[in-house]
Each structure stands twice: as C-alpha cells, then as structure tokens.
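One structure below.
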Amino acid sequence: MRRIMTGPNVVLWLFMIVALLTGCRGGAPLTSWPGLTVAEGIVYVAAGAKVYALEADTGNQKWEFPGEEKKGPFYATPGVEEGLVFVGSNDNNLYALDAVTGNQRWSFATQKPIIAGPAVAGDTVYVASADSKVYALEAATGVGRWEFTTGNWIWATPLVADDKVYVGSMDHKMYCLDAESGQERWEFEAGGGIAATPTLAGDLLYFGAYDGKVYALDAASGQKKWEFQSGGWVWSQPLVVGDTVYVGSMDKMVYALDATSGQKKWEFATEGAVLAGPAFADDLLYVASEDKQLYAVDAATGQKRWWFTAQTSIFAPPALADGVVYTCSQDGRVYALNAGNGNQRWVFPRTEQ
Amino acid sequence: MSQVWNLLLQGMVNSLLFLYDVLAHNFALSIAVFTVLVRLLTLPFTLPAQRSAKAQQELQPEIEKIRKKYAKDKEKQTQETMKLYKEKGINPAMGCLPMFLQLPIMFAFYQSIVKALANTPLQMVSLGKFASPSLSQLVPLGSHFLWLDLGYPDPLYILPILVVATTWIQQKVATPPSTDSQAASMTQSMQITMPLMFGFITMSLASGLAVYFVISNLVGIAIQYFITGGGGLLPQRGKKGK
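These protein sequence lines are chains A and S, in that order. Take the first sequence: its position 282, counting from 1, is numbered 281 in numbering that gives the first Met the number 0, and each next residue is one higher. Take the second sequence: its position 51, counting from 1, is numbered 50 in numbering that gives the first Met the number 0, and each next residue is one higher.
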C-alpha cells in the first residue's frame, strides 16, 4: 500500500480532493448577482433563481417567479415598463412578466447567459447577451426587430437615449447604435473589457472599463474628452450630478470627478471593491461595497454621514424612492432603509432561511 | 498565512496572463508552458522522493529475504528492514516530505487556472483582485482552442480519455513491478480505478484543467522515466542481458 500512496499518486489524490471541495467546475455559476428596481410602489428583485415583487412600504411579497419550474439564476437587474417586468437570466432567456401577477407573458432565447439588465424605450426592449449580441425586441410580444454583433461577451446593460443605444462589450469597445435600425454610428476602443453601463449627461458619455479608467466621450462622435485612471477595474455605472461624476472602482474607492475635465475632487475609501454605481438624493451619495456596508456620503465633501451593515457583500446598486433607500446583498436579502439616517424599515425575507 | 497564499496565487495568475500575452493569446498553450515550468521548478522537491523510491525499489530483493526470514516475527522484520535502510543511507520519510512541500504550489497553480478562466461575473470579480493592472487588458481571455472552450468541459470527451490514458501510464511508470503478490494485486486495482476516477471527474471540469492534467502527466512520465526507468510499464533498464 505504501507504494501506491507515494510519489505522484499522493499529489493526484489530494488534487482530486481539492477539486471536489472547491467545486471548481467550468461554466457553473457560483451564485447570482442580485439586483433591484423600484417602480410605482413595488420593489422588483432578481436574486438567486427567483424574481420577487415586494410592496415598497412593507416588504410584503406580492408574487415570485418562477413557480415550480427551474429558471435562472439571475444576474441582471429587472427593468419595468408598461406593466411588464423584463429580466434576463443565466439560462440564456429574457423573460417578460406581468408586473401585477408575475405570470410569464413571453420569453426570448439568446445563445448564452444574459448578465446585463434590459433597457426599455417606447415599445422596444433592448437586451444584451454573453453571446456578444444586442437585441432589439418588441416589448409587448418579444418579437425581434434587429440584432447587432460585437466581438465578445456583453455584460453591460445598454443605455438608450436620444434614439441611440450605447453599449459596452468585453471586446473593449463602446458602441453607439441607431435605436431604430441597429446600425452602428461609432465605436470607441478602451484599454480593457467594458462591463459597466454607461451614463449620458449633456453631450458626454461616461463609462468605466477593466483597464481601471473612467472615460468621457463626446456622445455624438465618440471622441474621447478625458480619462481618469483608478487603481482597479471600473465596473460601476458612473452617476452624474451637476458638474460631478461619481464612480466606484475595484480599488475600494469611490471617486468624485469634475464632469468636464475628469479632475479628482475627492475620494472615499471603503473596505471592499465598489462594483455598484452610486445613487443620489438630498445631497447624499449612497455607496454599496463588497465590505457589506451601504454608506451615505456627503456628495459635496465625501464625508461619511451614516452606514448600514448587511450580512453579506453588496454588489447591486441601491435604488431610491420616497425617502427610502433599497439595497440587496449577495445573500438575496433586501433592505429598506430610511434615506436620511439609515434606520432599517424592513428586511426581506423576514425570517432566517 | 492567507496573505502568503494570495501572493502565491497572484504571482501564478499573472504569470499565466503574461504567458497568454506572449504566446499569441493562446490560453491552452499558456497552460501547457506554465505546467512544464512549474513541474521543472518543483523538481528539487520531487527528485528526492523519486530517488528515494528508486533506492527502496532496488532493495526489494533484500527486503523480501528479510520478510521470509522473519515471517513469524513482525517486530524483528521491521527492525531488520530499518537497519537495512540505515546501512544503505535511505530515509523512507524522504519519499513523502518533499511531495507535501510541493503541494501548496500545485494547489495554487490549479486555482490560478480556475481563476484565469473566469466566465461568470462573480468569477471575474475574483480575477479582478488578482490580475495586475498592466495585464488587465487581456481579460476576458480567449478561451477557445480547437474544439474546446477551455472554461467548459470537453463536449467530445477526448480530453477525459487522454487524462485516463496519461494517468494510467504515469502510474505504471511510477510503480515498480512488485514481488509481493498481495501488493501487486492492490497496485493493479489502483492503477485501473485512479485513472478512471480522474477521467470521470474531468468530464465535468473546465477543459483547461484537463489540459493541465494531461500535460502535467506527460511531464511526470518523462521525468519518472529518466530517473527510474519504465517502472511497471516497460522492462526495467539495466536488467536486459543480466
């Protein structure tokens, strides 16, 4: 027996044990990336393998999707428009659900997982997939109108504004497409993959990339106006308030940058990667971090006002409505907090699971 | 301790990314080259074990004599065996200790491949913490090679078959023919079940890891062959003509 358990065999056995323990199977998602949207008094949450509709006032559940069938897991923040909830799934499908009942109206299959959230404008829903394509679908029926192919996965939620669709791809490019036809207007090559949703403010388009930079482009031509180098990948959607761009980075910082020059105004340090875009209301900036905290920061100075500690990391962007900030942590818990002081109003689910 | 581990992982992830950059963005080739480099770098750990195993193997006839001579006295049998080892300057523990010393390196290598092959957002977050900013422009890595998407299992099951074959050969080379029939039977059984188990597990692992297993096995076979000969696979070197 000693002969059997000596030499390379020992290594092989232990390798196998580690492989099994760490569960490092290719392609298998570890879990989901919860996200939430608030619309008309309802919080729509995609977390794990479920989509929930919760009453914003109480946190009471109105419905959940799917029922018994297995769908998901969900990485994408839901989009809500015209009585429909759109949510992309890791099972390659975009689902359109009745916002009142949660019943499925239609689904649209792509070739690979949908990581990005949907964007809805008028009667069209735009969805991007890891199959490298952006699809424009009729919102009411899910019938395809056009599709545009990029050079790699798309994980970033498209932005629709002024009859244009702006979408970043892992092929390092930001594309500007005609919203009606899907024809490319311009493209800009960044120094790394783009997983962050862009933001349009005035004439400038702002976005971050895996090269650690925040870019500002002329939205009409795609010409670069400025760039700012952070110390980590930029996955967070920039937020523009007045003349300031707020953006998080995987270097654990949130930066306040001058919107026209890209000059740093201040920075705020957290203890973990900042993957979510911040939210803003009443002079406060709400910042979620991998360190399990939701921070309320003075938007003018970067001084911390209050913070709330969740049970696990927070990757999802917070949402604000009627003086309440809603946030969802990686374990799928949804918290409703008083936006002024961080006091918890409710948590979903109410009981430990 | 976790900081040391993370540093090791960071070094390996970035070495893989660097190789990917200089090897025409071919991740399968990067894995192959890095596997060879790691196997060569860990030679100082593996060689003493293999030499010790070879020395013990050469003493088998004498050990067999001791077994027969003291068949009814196990304690005496052990004493005489250890005395023989001492006389020949062999430390049986040398066979195991170096192997355990190299384990952290091998584990880190294994994990760094898994990290580099990130294809979900959460895996990518993890990679983002390890990848050097100067190499981040390479992410996501092009994971396609021949018929394979290296982040997913081999749909044609060719790599699992290669893993079975190379694991079997490596075991054959590493295991000398035994004179003890009971040990020989047990060894033979292990030589069949181990490769099959590995092949089965590889069917559900990322094919990039299967590439690593195959290359690692091939390098292991080559090294073992030059040190100890063909083991149970081929007639032992030097015995011909005796």
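From the three backbone atoms N, C-alpha and C, an ideal C-beta is built for every residue, glycine too. Fair warning: this is a prediction, and the values are worked out from it, not measured in the lab.
Residues that residue i contacts on chain S, provided the C-beta gap is smaller than 7 Å
i	result
W152 of chain A	P139
D210 of chain A	S135 and Q136
I114 of chain A	P120
G192 of chain A	V138 and P139
G241 of chain A	Those do not exist, as G241 of chain A stays about 30 Å from chain S at its closest Cβ, beyond 7 Å.
Start and end residues, alpha helix (DSSP H) containing residue i
i	result
M62 of chain S	The question names Met, but residue 62 of chain S in the sequence shown is Ile. Note, I62 of chain S: alpha helix (DSSP H), Q59 to K68.
N5 of chain S	S1 to V21
L203 of chain A	No alpha helix (DSSP H) holds L203 of chain A; the beta strand (DSSP E) holding it covers L203 to G207.
T34 of chain S	F26 to L40
T166 of chain S	I157 to A173
Q343 of chain A	First-last for Q343 of chain A: Q343 to F347, but that is the beta strand (DSSP E), not the alpha helix (DSSP H).
Q122 of chain S	P120 to F129
Distance CB(residue i)-CB(residue j) smaller than 8 Å
i	j	result
G78 of chain A	T36 of chain A	yes
L22 of chain S	L28 of chain S	yes
I41 of chain A	A75 of chain A	no
L199 of chain A	D217 of chain A	no
P300 of chain S	W32 of chain A	Limits of chain S in this structure are 0 at one end and 241 at the other, which puts residue 300 of chain S out of reach.
G141 of chain A	S106 of chain A	yes
I112 of chain S	L208 of chain S	yes
V35 of chain S	L18 of chain S	no
T165 of chain S	N216 of chain S	yes
V296 of chain A	S235 of chain A	no
Q110 of chain S	L6 of chain S	no
Start-to-end residues for the beta strand (DSSP E) that takes in residue i
i	result
I113 of chain A	Where I113 of chain A is concerned, there is no enclosing beta strand (DSSP E), given that its DSSP letter is neither H nor E.
E74 of chain S	Counting along the chain, E74 of chain S falls outside any beta strand (DSSP E), though it belongs to the alpha helix (DSSP H) covering K73 to K87.
K163 of chain A	K163 to G167
I313 of chain A	No beta strand (DSSP E) holds I313 of chain A; DSSP gives it neither H nor E.
M252 of chain A	M252 to D257
K224 of chain A	K223 to Q228
M249 of chain A	Neither: M249 of chain A is in no beta strand (DSSP E) and is coded neither H nor E.
K263 of chain A	K263 to A268
Reference residue i, options the options, closest by Cα
i	options	result
G87 of chain A	A:Q292, A:T243 and A:P157	A:P157
K87 of chain S	S:Q56, S:T201 and S:L39	S:Q56
G181 of chain A	A:K172, A:V133 and A:P317	A:V133
G211 of chain A	A:G231, A:A219, A:K223 and A:T326	A:G231
V370 of chain A	A:S131, A:Y165 and A:A335	There is simply no residue 370 of chain A to check, as chain A begins at 0 and stops at 352 in what is shown.
L293 of chain A	A:Q329, A:W265 and A:D321	A:Q329
F48 of chain A	A:A55, A:E289 and A:G34	Strictly speaking, residue 48 of chain A in this sequence is Ala, with Phe absent from that position. Ranking A:A55, A:E289 and A:G34 by Cα distance to A48 of chain A puts A:G34 first.
A38 of chain A	A:L83, A:V240 and A:R344	A:L83
P277 of chain A	A:T311, A:P316, A:A268 and A:M249	A:P316
E137 of chain A	A:G167, A:A178, A:K111 and A:D161	A:A178
A298 of chain A	A:F347, A:Q222 and A:V239	A:V239
Chain S contact residues for residue i, given Cβ-Cβ distances below 8 Å
i	result
Y174 of chain A	Here the premise fails: no neighbours, minimum Cβ distance about 17 Å.
L274 of chain A	V124
W32 of chain A	P120 and L121
Interface partners of residue i on chain A, CB under 7 Å
i	result
P248 of chain S	Since the first residue shown for chain S is 0 and the last is 241, residue 248 of chain S is missing from the structure and cannot be characterised.
G10 of chain S	Those do not exist, as G10 of chain S stays about 18 Å from chain A at its closest Cβ, beyond 7 Å.
Listed by chain order, chain S residues near residue i by CB distance under 9 Å
i	result
Y74 of chain A	T119, P120 and L121
M252 of chain A	Within 9 Å Cβ-Cβ: nothing; M252 of chain A doesn't reach chain S, min ~14 Å.
W265 of chain A	Chain S residues near W265 of chain A: none, gap ~22 Å exceeds 9 Å.
G71 of chain A	Result: empty, since nearest Cβ-Cβ is about 13 Å, beyond 9 Å.
Residues that residue i contacts on chain A, provided the C-beta gap is smaller than 8 Å
i	result
G88 of chain S	Correct list: empty, because the minimum Cβ distance to chain A is about 18 Å.
Cross-chain neighbours of residue i in chain A, by beta carbon under 9 Å
i	result
G198 of chain S	What G198 of chain S touches in chain A: nothing, since even the nearest Cβ is about 11 Å away.
The ligand HEM heavy atom lying under 7 Å from the CB of residue i
i	result
A98 of chain A	The ligand HEM is not part of the structure shown, which contains no ligands of any sort.
Quick test of the definition: if touching needs 3 or more C-beta pairs under 8 Å, does the region 117-125 of chain A touch the region 145-155 of chain A? no
So does the region 223-238 of chain A actually touch the region 251-265 of chain A, counting three or more Cβ pairs closer than 8 Å? yes
Three CB pairs or more closer than 8 Å across the region 236-244 of chain A and the region 205-214 of chain A: yes
Using 8 Å as the cut-off, can you tell me whether the region 95-112 of chain A makes contact with the region 134-148 of chain S, which would need three or more C-beta pairs spanning the two stretches below that distance? no
Stretch pair the region 328-343 of chain A + the region 300-309 of chain A: three plus CB contacts closer than 8 Å: Three or more beta-carbon pairs drawn from the region 328-343 of chain A and the region 300-309 of chain A are found closer than 8 Å, and the two stretches are therefore classed as touching.
Stretch-stretch touch, CB-based, cutoff 8 Å, three pairs: the region 147-163 of chain S with the region 55-74 of chain S: No contact exists between the region 147-163 of chain S and the region 55-74 of chain S.
Do the region 158-166 of chain S and the region 209-216 of chain S meet, that is, are 3 or more Cβ pairs less than 8 Å apart? yes
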